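K.L.:
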Amino acid sequence: MVALIKTLQVILALSLLIFIHELGHFAWARIFGIKVEKFYLFFDIGGKALLRFRKGDTEFGIGWLPLGGYCKIAGMVDESLDTESLKKEPSEWEFRSKPAPQRFMVMLGGVLNNFIFAILVYIAIMAIWGQSYIQNKGSQIYVNPLAYEMGFRNGDEILSLDDYVPDNFGSLQADLARRDVNKAVVKRGNDTINIYIDHSMISRVLNSSLMFDLAIPFVIDSIPDTSPNRLSGLVRNDRLVAVGGRPVEFVQESRPILDSLRGGITEVTVVRQADTLGIPVQVDTAGRLGVILQVPGITVREYSLAEAIPAGLKLTWSSVTGYLKDLRLLATPSSGAYKSVGSFIAIGQVFPSAWDWYQFMYILALLSIMLGIMNLIPIPGLDGGHILFLLYEMLSGRKPSERFLYIAQLVGMALLVALMILAFGNDIGRLIH
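Residue numbers (this note's numbering): 214 to 646.
(1) Per DSSP, what kind of secondary structure is V334 in: helix, strand or coil?
(2) Tell me whether K311 sits in a helix, a strand or coil according to DSSP, three-state version.
(3) If we call anything under 7 Å between Cβ atoms a contact, is F239 one with F256?
(4) Could you check if H412 is buried or exposed, using at least 16 other CB atoms within 10 Å of its CB as the buried criterion?
(5) On a CA-only basis, which of M414, G368, H234, G446 is nearest G281? Give me that one, please.
(6) Do the CB positions of Q495 and I470 come within less than 7 Å of each other?
(7) Are the beta-carbon atoms belonging to A455 and V464 less than 7 Å from one another?
(8) Among the residues of its own chain, which have a CB less than 6 Å from the CB of W277, if the five just before and after it don't count?
(9) Here's the rule I'm using: 16 or more other beta-carbon atoms within 10 Å means buried, otherwise exposed. How should F564 be labelled?
(10) Is F266 buried or exposed, if buried means 16 or more other CB atoms sit within 10 Å of its CB?
(11) Go ahead and pull the three-state DSSP assignment for G535.
(12) Using the C-alpha atoms, what's the distance from I224 back to L419?
(13) Take every Cβ of the segment 531-539, pair it with every Cβ of the segment 343-363, and state whether three or more of those distances are shorter than 8 Å.
(14) At what residues does the alpha helix (DSSP H) containing A167 begin and finish?
(15) Under a Cβ-count criterion, where at least 16 other Cβ atoms within 10 Å of its own Cβ denotes burial, should F617 be classed as buried or exposed?
(16) Leaving out the 5 sequence neighbours to the left and right, which residues in its chain are closer than 8 Å to G402 when beta-carbon positions are compared?
(17) Which stretch, first to last residue, makes up the beta strand (DSSP E) that contains E480?
(18) Quick test of your reading: Q348 and F382, contact by CB under 8 Å. State the CB separation rounded to the nearest angstrom.
(19) Comparing alpha-carbon positions, which option in S384, G364, L359, K400 lies nearest I371?
(20) Below 7 Å between beta carbons: does that hold for I196 and A521?
(21) Am I right that L584 and V334 are in contact with their C-beta atoms under 8 Å? What's the rounded C-beta distance?
(22) Is it true that the segment 317-325 meets the segment 596-603, where meeting means three or more beta-carbon pairs spaced less than 8 Å apart?
(23) Hey, would you say I436 sits closer than 7 Å to D451, going by beta carbons?
(24) For the beta strand (DSSP E) that contains Q495, what are its first and last residues?
(25) Please work out which residues of its chain come closer than 6 Å, Cβ to Cβ, to S421, disregarding the five sequence neighbours upstream and downstream, and give them in chain order.
(26) Within the chosen definition, does the segment 244-251 reach the segment 300-315 through at least 3 CB pairs nearer than 8 Å?
(27) Taking I341 as the reference, which of F573, Y516, L608, L589 has the closest Cα?
(28) Give the range of the beta strand (DSSP E) segment to which R468 is assigned.
(29) Using the C-alpha atoms, what's the distance from I505 back to L423?
(30) Is A287 near E307, with beta carbons less than 7 Å apart?
(31) So, I408 versus A390, is the Cβ gap smaller than 7 Å?
(32) Which residue spans inside the segment 373-402 form an unbroken alpha helix (DSSP H) run of at least 4?
(33) Just the Cα atoms here: how many angstroms apart are L254 and G476?
(34) Could you tell me the distance, in whole angstroms, from the CA atom of L221 to the CA atom of L579?
(35) With the cut-off set at 7 Å, would you say G491 and N442 are in Cβ contact?
(36) So V481 and L444 are in contact, right, with Cβ under 8 Å, and what is the actual spacing, rounded?
This is the structure:
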């Protein structure tokens with residue numbers, strides 16, 4: 214069931230984003246009177262499609278190969294590599310007959326749609342759910358093996374990464390990788406510790422799962438009526454310090470202990486004001502006590518629709534700059550960031566296991582930004598390659614030959630195939646390990 218839900222989310226998200234992107238090219242082409250021969254979601258390799266119909270001069274359809282989509286614009290060298298029509302004299306309704314600024318807008322249309330869509334989704338998120346995050350100040354980390362190897366310890370509070378003082382606890386791992394950090398300053402007990410970052414480990418940071426979890430003290434907020442321990446004697450603000458005689462400082466440390474006691478009765482030691490008490494409790498079959506815990510440091514802000522607009526724009530800009538920093542790492546081979554490149558398999562792992570509209574929309578907006586930025590990379594075969602050649606034409610007054618564009622498209626497609634092989638290889642490697 215989990216795999217099905219994740220698969221459905223990936224298909225829905227990518228289909229929607231591809232449609233929005235290609236719609237940008239289609240709309241600007243039609244604005245300038247350019248004929249669009251095909252508009253396809255997914256690829257109809259071999260001319261085979263799951264669905265096709267014609268409206269006006271355009272054939273619309275859904276291909277059988279779910280690796281993207283395309284908008285075939287008349288008189289343009291594109292990924293179809295169809296050059297037959299280019300052997301004829303240009304018609305007024307062809308792409309190649311239009312002025313360079315118009316062709317520029319047609320090629321930029323997909324990316325513009327991606328960014329506009331991301332802004333609208335972020336505004337909707339701010340207006341409906343608001344913004345919630347865990348403040349870094351006062352929050353302690355619970356580390357994974359990589360973070361421990363780097364020198365971090367459970368219970369540390371990260372005060373700064375070089376001169377940067379983090380605000381959002383959930384961004385600590387990304388900040389560590391993106392900001393080329395040399396030194397982390399942490400509060401450990403009553404001491405302030407400097408942790409010097411080994412840059413050779415950054416590639417592992419990019420591929421590590423949850424380096425910094427929130428270290429949550431086992432402090433009870435409430436006990437639901439449905440809990441097996443509603444009559445156990447546990448009360449609000451009790452802090453568990455031991456389970457079954459084994460010391461527990463944070464919730465994470467209690468999980469393997471409770472899991473080993475599933476369906477049984479054990480004693481927990483709690484601190485209640487100045488007293489330390491031993492209380493028998495029931496562990497359910499899922500290895501839980503059935504209590505609601507106090508989670509520290511959550512900041513929630515609600516927005517009116519008017520307030521959500523600048524908040525959505527700000528969140529879009531933050532996502533754009535963050536992803537650009539990721540690409541800078543990707544372009545630095547020594548960082549090992551290329552090992553984190555993934556295909557739709559990696560995308561599927563990002564989506565939650567149960568349907569959650571907030572998380573789905575948040576990921577959808579982020580993927581839209583990623584798709585837009587990726588298409589701006591000046592590689593022939595991507596929109597960025599076409600835009601680069603058009604900028605050259607507008608600045609120099611010289612139009613690249615159609616043969617040059619054809620060869621550039623071949624080179625670009627070879628590069629994209631190599632990138633896809635790398636992405637699938639990384640995903641398969643992660644699945645194996």
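In this text, a Cβ means the ideal position worked out from N, Cα and C, and glycines have one as well. The structure displayed is predicted, hence computed values, not measured ones.
P.N.:
Taking the definition as stated:
(1) helix
(2) Coil.
(3) no
(4) exposed
(5) H234
(6) Cβ distance not < 7 Å, so Q495 and I470 don't count as in contact.
(7) no
(8) By the criterion of a C-beta distance shorter than 6 Å, W277 is surrounded in its chain by K261, L263, once the five residues flanking it on both sides are discounted.
(9) Counting Cβ neighbours within 10 Å, F564 comes out buried, since at least 16 surround it.
(10) exposed
(11) helix
(12) 25 Å
(13) no
(14) What the structure shows of the chain is the stretch from 214 to 646, and residue 167 is not part of that stretch, so it cannot be assessed.
(15) exposed
(16) Answer for G402: G368, listed in chain order.
(17) 478-485
(18) 7 Å
(19) Among S384, G364, L359, K400, the Cα nearest to that of I371 belongs to K400.
(20) With the chain represented from 214 up to 646, any question about residue 196 goes unanswered, as that position is not in the structure.
(21) Actually they are not in contact, since the Cβ atoms of L584 and V334 sit about 13 Å apart, beyond 8 Å.
(22) yes
(23) no
(24) 488-495
(25) L359
(26) yes
(27) Y516
(28) Segment 464-473 is the alpha helix (DSSP H) holding R468; no beta strand (DSSP E) there.
(29) 23 Å
(30) Their beta carbons are under 7 Å apart, which means A287 touches E307 by this criterion.
(31) For I408 and A390, no; Cβs fall outside 7 Å.
(32) 385-391
(33) Whole-angstrom Cα-Cα distance: 51 Å.
(34) 18 Å
(35) no
(36) Going by Cβ atoms, the distance from V481 to L444 rounds to 15 Å, so no, they are not a contact pair.
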